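In this note's numbering, the protein residues as written are 157 to 420.
Input: a single structure, listed below in structure tokens.
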Ligand code: KIV
Ligand code: NA
């Protein structure tokens with residue numbers, strides 16, 4: 157069994173093989189997702205909402221992510237493990253280096269940062285210090301209070317153009333993976349085609365290089381409400397392994413997300 161790496165993820169994009177990704181926060185689920193063939197596991201700061209029951213992700217700490225990253229790492233053999241940098245933990249490049257070091261030591265193979273142009277120096281500096289970076293654009297939940305709620309981004313032409321430009325800037329700065337959250341499918345398609353690196357969507361239509369869901373949403377058991385872009389895969393069989401299998405298969409086939417789980 158070959159481990160998933162930044163180079164195999166890049167090759168998947170080039171070979172037009174879609175990437176499947178889920179969040180995971182503990183060893184048991186990580187192991188089960190890994191055994192079913194998931195490509196990427198993200199220790200998301202969504203854990204603030206689905207594990208801790210908060211209304212947003214802002215209260216999550218580096219220690220929280222490091223704790224869960226250690227657990228996920230122990231359960232994972234094949235999948236590529238990405239850890240979220242929490243709110244304000246990368247406010248300056250120096251802070252980012254210190255905090256990324258903790259997450260990499262805990263077992264992450266890449267860290268994810270939310271935001272655009274302002275992160276260029278941080279991304280370059282992390283790369284130079286041996287830390288691969290995943291970008292995150294569109295609805296970046298750490299900015300929920302700037303957005304005035306969890307709202308679809310990039311709906312007007314100017315905003316769409318800005319998100320596309322930021323994606324190109326992040327790629328030039330050195331990100332090796334990009335997450336696009338809650339943007340219209342057409343914009344996500346355009347960004348995916350404009351970049352050489354793999355692009356993974358959530359609420360961004362089915363024309364990206366891959367898909368990610370929060371595991372609790374995929375099982376339909378989230379404490380908070382169920383987002384429109386998510387799908388309850390436990391409904392069909394009632395079996396967790398079958399649900400994960402169905403999710404991975406629908407991602408690979410490009411049948412998830414369908415129009416009802418996308419924005420136009
Ligand atoms: O925190 C998280 O789970 C995420 C994904 C939704 C991409 O950032
Ligand atoms: Na996140």
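Cβ coordinates follow ideal geometry from the N, Cα and C atoms, glycine included.
Just so it is clear, the structure is predicted and the values come from calculations on it, not from any experiment.
> residue 376: beta carbon under 7 angstroms from a heavy atom of the ligand SAM?
Replying inline: With respect to the ligand SAM, the structure shown offers nothing to examine, as its ligands consist of the ligand KIV and the ligand NA.
> Does any heavy atom of the ligand NA sit closer than 7 angstroms to the C-beta of residue 212?
Replying inline: no
>> Give me, in chain order, the residues of the same chain whose beta-carbon lies closer than 8 angstroms to that of residue 190; leave out the 5 immediate sequence neighbours on both sides.
In response: 197, 231, 232, 233, 234, 235
> What span of residues does the alpha helix (DSSP H) with residue 404 cover, start to end?
Replying inline: 396–409
> Grouping DSSP H, G and I as helix and E and B as strand, with all else coil, what is residue 254?
Replying inline: helix
> Does the Cβ of residue 245 have 16 or more other Cβ atoms within 10 Å, making it buried, or fewer, making it exposed?
Replying inline: buried
>> Could you check whether residue 341 and residue 360 sit closer than 8 angstroms to each other, using their CB atoms as the reference points?
In response: yes
> Distance, Cα to Cα, residue 270 vs residue 371?
Replying inline: 20 angstroms
> Mind listing, in chain order, the residues whose beta carbon lies closer than 5 angstroms to a non-hydrogen atom of the ligand NA?
Replying inline: 200, 201, 240
> Where do the N-terminal and C-terminal ends of the alpha helix (DSSP H) with residue 185 fall, by residue?
Replying inline: 183–192
> Would a C-beta distance cut-off of 8 angstroms place residue 310 and residue 294 closer than the cut-off?
Replying inline: yes
>> Count Cβ pairs between the region 200–216 and the region 160–168 that sit closer than 8 angstroms; are there 3 or more?
In response: no
>> Is any non-hydrogen atom of the ligand KIV found closer than 7 angstroms to the C-beta of residue 368, if you look at the structure I gave you?
In response: yes
> Buried or exposed: which applies to residue 366, given that a residue is buried once 16 or more other Cβ atoms fall within 10 Å of its Cβ?
Replying inline: buried
>> Since residue 385 and residue 413 should fall inside the 8 angstroms C-beta cutoff, what is the C-beta to C-beta distance between them, to a whole number of angstroms?
In response: 6 angstroms
> At a cut-off of 7 angstroms, is residue 337 close to the ligand KIV when judged by its beta-carbon and the heavy atoms of the ligand?
Replying inline: yes
> By how many angstroms is the C-alpha of residue 337 removed from the C-alpha of residue 420?
Replying inline: 13 angstroms
>> When you measure from the CB of residue 358 to every non-hydrogen atom of the ligand KIV, does any distance come out below 7 angstroms?
In response: yes
>> Which residue marks the beginning of the alpha helix (DSSP H) containing residue 295, and which one marks its end?
In response: No alpha helix (DSSP H) contains residue 295, which DSSP labels as neither H nor E.
> From which residue to which residue does the alpha helix (DSSP H) around residue 300 run?
Replying inline: 300–303
> If you draw a straight line from the alpha carbon of residue 173 to that of residue 408, how long is it in whole angstroms?
Replying inline: 7 angstroms
> Is residue 326 near residue 358, with beta carbons less than 8 angstroms apart?
Replying inline: no
> CA-CA distance, residue 281 and residue 252?
Replying inline: 9 angstroms
> What separation, rounded to the nearest whole angstrom, lies between the Cα atoms of residue 243 and residue 334?
Replying inline: 18 angstroms
> What residue from 206, 216, 285, 176 has the CA that sits closest to residue 237's CA?
Replying inline: 176
> For the ligand KIV, any of its heavy atoms closer than 7 angstroms to the Cβ of residue 349?
Replying inline: no
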